[in-house]
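Asks: As you go down the protein sequences, you meet chains A and B in turn. Just so you know, this note's numbering puts 135 at position 135 of the first sequence, and the rest follows in order with no gaps. Just so you know, this note's numbering puts 138 at position 138 of the second sequence, and the rest follows in order with no gaps. Don't be surprised by glycine CBs; every beta carbon is placed ideally from N, CA and C. Note that the coordinates shown come from a computational prediction; the quantities given were computed from them, not determined experimentally.
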Amino acid sequence: MGLAFLVYSLKAYIIVISIIMLIYSIRHFIFSMNRSIGEQKLFYQDIIDTDLPSVTVIIPMHNEELVAANSLEAILNSDYPSDKLEIIPIEDHSEDGTRKILERFELIHKNIHPFYRSSGNRGKPSAMNEVLQFAQGDVIIVFDADYIPPRGIIRNIAISFLDPEVGAVMGRVIPINVSSNLITRLLDLERTGGYQIDQQARYNLKLIPQYGGTVGGFRKDVAIALGGFNPNIITEDTELTFKLYARGWKVVYANRAECYEEAPETWAVRSRQVTRWARGHCQVFFRYLFPMLKSKYLSFLEKFDGILLLFIYFIPLILLIGIGASLTLFFLGEMNLFSSIFVFIMVATYSSFGNAAPFYQIGVGALLDGSHARIRLLAMLMFNFVYYMWYISKGAFHAIFDVIFTRNPEWQKTQRFRKQDQ
Amino acid sequence: MLTNVDIFFGKGERKIARKAEEMPVKSLIYHHRAYRKLPKVHPWNTALEFFMCAVILNLIILFIYPSITYSISYIGKIIFSNSIEQYEILNSPFILGDVYILDIFGRYPSLTFSIYSALSSMVLIILMPLLKFINKPISIWLTLIFLINLISSLFFIFFSDFFPYSMWIYLDLYIKTEICIWLIIPYLLIFAFLPLPANFFSKLKLVVVSLIYSIIFGSIRYIVFIFILREYSYIFMAVVFFIFGPFFNFIYIISFYSMFVSRLAVKLKGDVNKWGWLF
């Protein structure tokens with residue numbers, strides 16, 4: 001009796017996962033079709049207006065001596081009117097030469113106002129909360145320290161805030177070190193699927209494009225009114241996205257606003273990064289799922305997409321349990337045709353889990369980008385499937401334990417790889 | 001003196017940027033890739049066209065799978081039969097016809113072999129994170145293989161009498177799963193190809209090539225699996241099924257897809273008129 005119940009439960013679990021996977025597969029197929037041949041929603045970048053909002057560019061830094069000067073130089077090279085541009089690099093508990101670099105820039109450039117932090121909680125959310133109190137710009141634009149913003153990007157991002165409905169804007173992230181090694185090439189493929197297709201399609205279809213915490217901006221007064229950033233949530237970007245949507249603000253995606261980042265060059269760094277993303281994303285799931293569902297400002301489709309977006313980092317965990325269920329059924333002699341095909345379908349639909357993009361989405365994205373050589377690496381993402389399944393599940397588990405034991409995670413910085421002489 | 005190029009770009013990028021600086025000035029600069037779209041296809045017509053093709057391919061597979069399974073089993077019979085052991089080919093009903101399976105025996109592992117297998121799997125699981133020269137995705141992949149093998153070994157140590165499969169049941173499940181995957185492949189690839197601006201016949205050609213490859217590779221694996229389970233025991237059945245079974249089909253399906261998209265990207269690269277633009 002007990003064994004029969006177990007078998008039925010495991011089979012039911014596998015059916016449920018298969019249905020969930022099917023829903024995600026259809027969702028991403030619609031995204032791929034929409035981005036490749038559907039009507040595209042234009043961003044605001046081609047609007048010319050002299051009445052630009054005042055902008056504060058924030059660059060959080062913790063031990064960033066390898067990259068700090070590069071990003072500051074790039075922002076100083078911006079075409080944004082200097083009288084409307086304030087730059088605040090946040091030196092957050094650094095132990096290397098970051099402070100000296102910032103002091104040097106502060107001496108030369110009058111609109112650079114570094115903020116030095118050596119007490120209080122370390123981490124981006126806490127640092128941002130403090131800066132929001134004295135930043136002079138109406139719009140806050142954030143770049144991570146390893147980013148090389150192109151000349152026109154601040155204008156491209158800031159212009160969209162002339163639309164009173166817009167609460168936040170997200171630009172496109174492109175790895176600058178693509179040719180470094182296999183990892184960076186594979187990450188570039190994932191980013192292509194995630195930005196060129198996923199974000200643009202969600203923007204086109206009036207769903208939930210996501211603010212990504214860097215190469216993006218938000219309204220300062222709105223962020224303050226929403227209570228700033230929760231220092232215990234390690235993906236403050238996802239938190240802000242759902243806070244904004246729940247209160248009726250829109251997040252828009254600027255595919256043209258491309259910015260170069262340094263992608264992780266080792267698997268160890270990538271695993272820490274993806275574990276952190278998963279943990280933070282799942283934290284947001286627990287805190288903002290119901291506020292989002294209860295929001296009167298969101299349509300049914302937005303809510304549905306919001307659920308799928310919030311749940312995405314739980315998928316590897318439920319697949320991992322699915323493998324366990326399949327193994328159990330196998331040894332119980334209950335491995336039937338359906339269960340065995342499930343193993344194939346599971347991989348076929350979600351082969352590459354970095355950005356939760358299936359192979360056809362990445363293929364179309366790479367085609368639009370014209371990356372003809374890198375597309376050939378697509379099959380290698382299959383090996384990442386198990387890797388991501390492990391690390392994302394680890395992050396999801398952490399988030400679950402954070403809720404159960406009311407733990408507060410510590411902020412972890414992503415290691416940089418830029419050479420000293422570059 | 002350092003230029004902007006030197007400041008902002010790394011070694012590889014600096015080389016590319018310098019190369020770009022040396023390039024002749026373009027007479028016309030096209031729109032950015034953000035404004036790029038693929039040329040309009042008529043999705044419903046194309047979907048219908050492809051659906052018909054998938055149905056025809058499915059009908060062909062349904063028509064020929066009894067012959068394919070018989071041929072594979074016959075090859076297996078030739079390879080594994082000898083003067084002492086002669087194996088039969090038995091039929092098992094499936095969808096519209098029968099599948100043919102070699103009625104062959106595998107080997108049950110001895111207790112000693114199961115213990116050795118469990119211990120070696122355990123050691124390898126512990127060692128994997130320490131072997132820094134193996135990159136993480138491969139290391140985790142191997143750990144999963146050893147973990148499945150460990151579970152299988154423990155099963156044979158403690159519950160060997162309850163092992164629920166014979167070679168025949170296993171081969172029956174394997175071959176039926178493969179047939180289902182052959183039936184799924186046309187739909188999977190056809191839908192993946194749907195938005196791509198390529199000739200219908202070139203897409204169809206790739207679907208057919210993938211199918212042929214899948215049938216050949218699936219057959220080779222059938223023989224290899226029999227060899228492993230017969231020579232090295234049922235202990236490896238779980239690994240063989242979960243890692244090198246249906247899971248494995250995905251690699252070459254995606255490889256074929258990626259080669260196709262790569263060639264298409266090269267074709268589209270030089271011809272701006274082939275793109276759809278937002279403006």
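1. For B/G218, report the span of its beta strand (DSSP E) as first-last.
2. Since B/F155 meets chain A, which of its residues come closer than 9 angstroms, beta carbon to beta carbon?
3. Which bits of chain A does B/K205 rub up against, with CB to CB less than 8 angstroms?
4. Mind listing which residues of the stretch 268–290 of chain A have their C-beta closer than 9 angstroms to chain B's C-betas, in chain order?
5. Along the stretch 246–269 of chain B, what residues have a CB closer than 7 angstroms to any CB found in chain A?
6. Report the option in A/H113, A/T192, A/S180 whose CA atom is closest to the CA atom of A/I174.
7. My guess is that B/S258 and A/G370 are in contact by the Cβ rule of under 8 angstroms, so how many angstroms apart are they, rounded?
8. Just to confirm, is the Cβ distance from A/Y44 to A/D188 under 8 angstroms?
9. Once you ignore the five residues that flank A/Y245 on each side, which residues in its own chain have a CB closer than 8 angstroms to its CB?
10. Where does A/P60 fall in DSSP's three states?
11. Taking 8 angstroms as the threshold (beta carbon to beta carbon), is A/Q136 in contact with chain B?
12. Let me confirm a value: B/F50 is counted as buried when at least 16 other C-beta atoms fall within 10 Å, else exposed. Which label applies?
13. Could you tell me if A/I87 is buried or exposed, where buried requires 16 or more neighbouring beta carbons within 10 angstroms of its beta carbon?
14. Under 8 angstroms, with one C-beta from each stretch per pair, do the stretch 182–201 of chain B and the stretch 252–271 of chain B reach the 3-pair mark?
15. Give me the Cα-Cα distance between B/I253 and B/I185, rounded to the nearest whole angstrom.
16. How about A/Y360: is its C-beta nearer than 8 angstroms to some C-beta of chain B?
17. Between which two residues does the alpha helix (DSSP H) harbouring B/S92 extend?
18. Could you tell me how far apart the beta carbons of B/S202 and B/N249 are, in whole angstroms, since I believe they sit closer than 8 angstroms?
19. Give a yes or no on contact between the stretch 88–99 of chain B and the stretch 61–76 of chain B, applying the rule of three or more CB pairs nearer than 8 angstroms.
20. In chain B, which residues lie with their C-beta within 8 angstroms of the C-beta of A/L327?
21. What does B/A54 touch in chain A if you count any residue whose Cβ is under 9 angstroms from its own?
22. Go ahead and label B/L280 buried or exposed: buried means 16 or more other beta carbons lie within 10 angstroms of its beta carbon, across all protein chains shown.
23. Can you find a CB in chain B that lies within less than 8 angstroms of the CB of A/A399?
24. Which residue's Cα is closest to the Cα of A/L66: A/L226, A/D83, A/T98, A/S82?
25. May I ask you to list the residues that DSSP assigns as paired with A/A254?
26. Under 8 angstroms between C-beta atoms, does A/W390 make it to chain B?
27. Please confirm whether B/H32 and A/R256 have their CB atoms less than 8 angstroms apart.
28. Once you ignore the five residues that flank B/S160 on each side, which residues in its own chain have a CB closer than 8 angstroms to its CB?
29. Can you tell me whether DSSP reads A/L423 as helix, strand or coil?
30. In chain B, which residues lie with their C-beta within 7 angstroms of the C-beta of A/A379?
31. Which residue marks the beginning of the alpha helix (DSSP H) containing A/P81, and which one marks its end?
32. Taking A/Y13 as part of the alpha helix (DSSP H), name the residues at either end of that continuous run.
33. Kindly list the residues whose CB is nearer than 7 angstroms to the CB of B/R221, restricted to its own chain and excluding five residues on each side of it in sequence; keep chain order.
34. For A/D369, which residues in chain B fall below 7 angstroms Cβ to Cβ?
35. Determine, using beta carbons only, whether A/P231 and A/P125 come nearer to each other than 8 angstroms.
36. With a 10 Å radius around its C-beta and 16 neighbouring C-beta atoms as the bar for buried, classify A/P316 as buried or exposed.
Replies: According to the structure shown:
1. Counting along the chain, B/G218 falls outside any beta strand (DSSP E), though it belongs to the alpha helix (DSSP H) covering 200–231.
2. F331
3. Per Cβ cutoff of 8 angstroms: no residues; B/K205 is ~17 angstroms from chain A at best.
4. A268, R270, S271
5. P246, F247, N249, F250, I251, I254, S255, Y257, S258, M259, V261, S262, L264, A265, V266, K269
6. A/T192
7. Contact doesn't hold; Cβ gap of about 15 angstroms is too wide.
8. no
9. I208, V251, M292, S295, Y297, L298, E302, G306
10. strand
11. no
12. buried
13. buried
14. yes
15. 8 angstroms
16. yes
17. Where B/S92 is concerned, there is no enclosing alpha helix (DSSP H), although the beta strand (DSSP E) it sits in stretches over 88–94.
18. Not really, about 22 angstroms apart at Cβ, beyond 8 angstroms.
19. yes
20. I148, I151, A238, F242
21. Here the premise fails: no neighbours, minimum Cβ distance about 15 angstroms.
22. Given a span of 1 to 279 for chain B in the structure shown, any question on residue 280 of chain B remains unanswerable.
23. no
24. A/T98
25. A/G171
26. yes
27. yes
28. Y108, P109, L111, S114
29. Residue 423 of chain A falls outside the range modelled here, since chain A spans only 1 to 422, and no answer is possible.
30. I251, I254, S255, S258
31. No alpha helix (DSSP H) holds A/P81; DSSP gives it neither H nor E.
32. 2–37
33. F244
34. R33
35. yes
36. buried
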